[in-house]
Amino acid sequence: MKTCPITYEEFAGGTRYSPKGLRRLSPLLKDLKDLPLSAEEQRQEAIARAPKMSVPGVQLKLSALLNVNGSSFDIVDIGGRYILKPPSVLYREIPENEDLTMRLAASAGIEVPLHGLVYSTDGSRTYFIKRFDRAGRKEKLPVEDFAQLSGKNRETKHDSSMEQVAGIIERYCTFPLVEHLKLFKLTLVSYLLGNEDMHLKNFSVIRREGKTELSPAYDLLNTTIAARNATEELALPVRGRKRNLSRSLLVDYFARERLGLTGASIESVLAGLESGFTGWEVLIGRSFLSAEMKKKYRSLLAHRRGILF
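Each residue of the sequence shown is one higher than the last, beginning at 456 in our numbering.
Here is the structure:
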């Protein structure tokens with residue numbers, strides 16, 4: 456039995472991907488070829504194409520289209536519908552880490568785009584994610600990140616706070632209380648999963664179906680286990696604190712006092728997270744992380760879970 460890198464389901468067959476995984480990409484897709492570049496070649500290609508791409512960010516990226524007839528991801532400069540992130544030379548197992556973290560967030564009820572792992576010609580795995588700012592063949596949905604909305608840039612994206620994030624939601628979103636509940640859940644999930652990189656560039660609003668709301672989550676990564684000697688627990692402070700966070704700070708202060716959520720809403724989020732931990736353990740076990748990194752992931756989750764619950 457093999458594990459599909461798109462669905463994490465076990466399956467028997469002659470391909471690297473399960474039929475269900477391939478159907479998620481396209482109902483017509485019967486197979487998916489390896490990317491024709493090694494991890495190093497992808498990194499070099501990403502550096503060379505960076506000036507032409509409309510996908511910002513520190514992590515190396517490639518833009519791609521899904522070629523159903525050719526059963527492949529085709530790398531392009533413009534018009535891509537998918538983003539590819541090759542392995543990093545600085546941090547271990549980043550594609551596998553990001554894929555798992557996004558999957559865990561989705562199982563907690565957080566909206567995320569279609570994503571998964573695709574094999575490369577050297578046997579390495581590259582993370583792919585479908586762009587959520589595209590609709591139909593040509594329509595581009597309006598998306599702005601919170602750095603843009605608050606007059607910050609890439610150098611000042613950490614010069615803010617979770618309280619200010621809430622303020623941006625109140626200013627720009629159609630139904631702020633609905634988005635506050637999403638923000639609370641995303642904050643708890645980021646804390647539990649060691650995602651200490653939720654700066655202003657990693658929050659966005661999207662305009663769709665006549666309303667402005669938080670975009671699907673992206674760039675969720677367990678940076679605590681990826682980086683050595685991580686000291687912070689959130690990228691943006693809550694009541695001035697980025698570390699040694701507590702249930703009182705996250706729930707009583709941030710959710711109840713600052714976000715104005717009701718007790719029933721808060722308890723619903725907490726209960727949903729707590730009931731999903733068994734499923735998280737299953738997903739970690741089925742993930743493509745090494746045994747060592749799975750152990751680190753589980754250890755951090757157990758520690759943070761103990762603090763929050």
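The beta carbon of each residue, even a glycine, is placed where N, CA and C say it ideally should be.
Between which two residues does the beta strand (DSSP E) carrying residue i extend?
i	result
N522	L517 to N522
G571	H570 to Y574
E668	K666 to L669
Going by alpha carbons, who is nearest to residue i out of the options?
i	options	result
L596	L641, R536 and E712	R536
N552	T717, P460 and A726	P460
L483	R504, G525, E618 and E465	G525
K585	G571, V598 and S579	G571
L756	R694, T678 and S723	T678
L492	E465, P541 and M456	P541
S579	V644, L725 and R471	R471
D707	E664, L643 and L738	L643
V567	E548, D588 and R702	D588
N699	S745, L763 and E722	L763
G591	E625, Y574 and G534	G534
R479	V523, V620, H654 and R683	V523
K488	I538, T576, T462 and E465	T576
H758	L714, F732 and D614	F732
S701	L647, S527 and T556	L647
F528	S670, G665 and Q497	Q497
E798	K749, N650, F630 and H654	An answer regarding residue 798 cannot be provided, because it is not within the stretch 456 to 764 covered by the chain.
F583	L515, F630, I624 and I565	L515
Buried or exposed: which applies to residue i, given that a residue is buried once 16 or more other Cβ atoms fall within 10 Å of its Cβ?
i	result
G469	exposed
F709	buried
K475	exposed
L636	buried
L545	exposed
K607	buried
D554	buried
S742	buried
R558	buried
S754	exposed
Over the uninterrupted alpha helix (DSSP H) stretch that includes residue i, give me the two end residues.
i	result
I623	M617 to Y627
R663	No alpha helix (DSSP H) contains R663, which is instead part of the beta strand (DSSP E) from S659 to R663.
E495	A494 to R504
M557	I549 to S562
I680	T678 to A681
S720	G718 to S730
H758	A746 to L763
H635	P631 to L647
P474	P474 to L480
Output needed for residue i: all residues of its chain with C-beta closer than 7 Å, excluding positions within five of it in sequence on either side, in chain order.
i	result
G734	S562
Y627	L604, V660 and T667
L704	V693, R694 and R696
R662	L596 and P597
Just grab the DSSP bridge partners of residue i for me.
i	result
L539	L517 and F583
S527	N522
A602	Answer is none; A602 lacks a bridge partner.
R696	V693
A590	E594
E465	T458
L490	S575
Among residues of its own chain, excluding the 5 on either side of residue i, which ones have a beta-carbon nearer than 6 Å to its beta-carbon?
i	result
N657	D674
G761	none
I443	Missing from the structure shown is residue 443; the chain here goes from 456 to 764 and no further.
Please work out which residues of its chain come closer than 8 Å, Cβ to Cβ, to residue i, disregarding the five sequence neighbours upstream and downstream, and give them in chain order.
i	result
A681	Y546, R547, E548, I549 and N552
A685	G649, E651, T678 and T679
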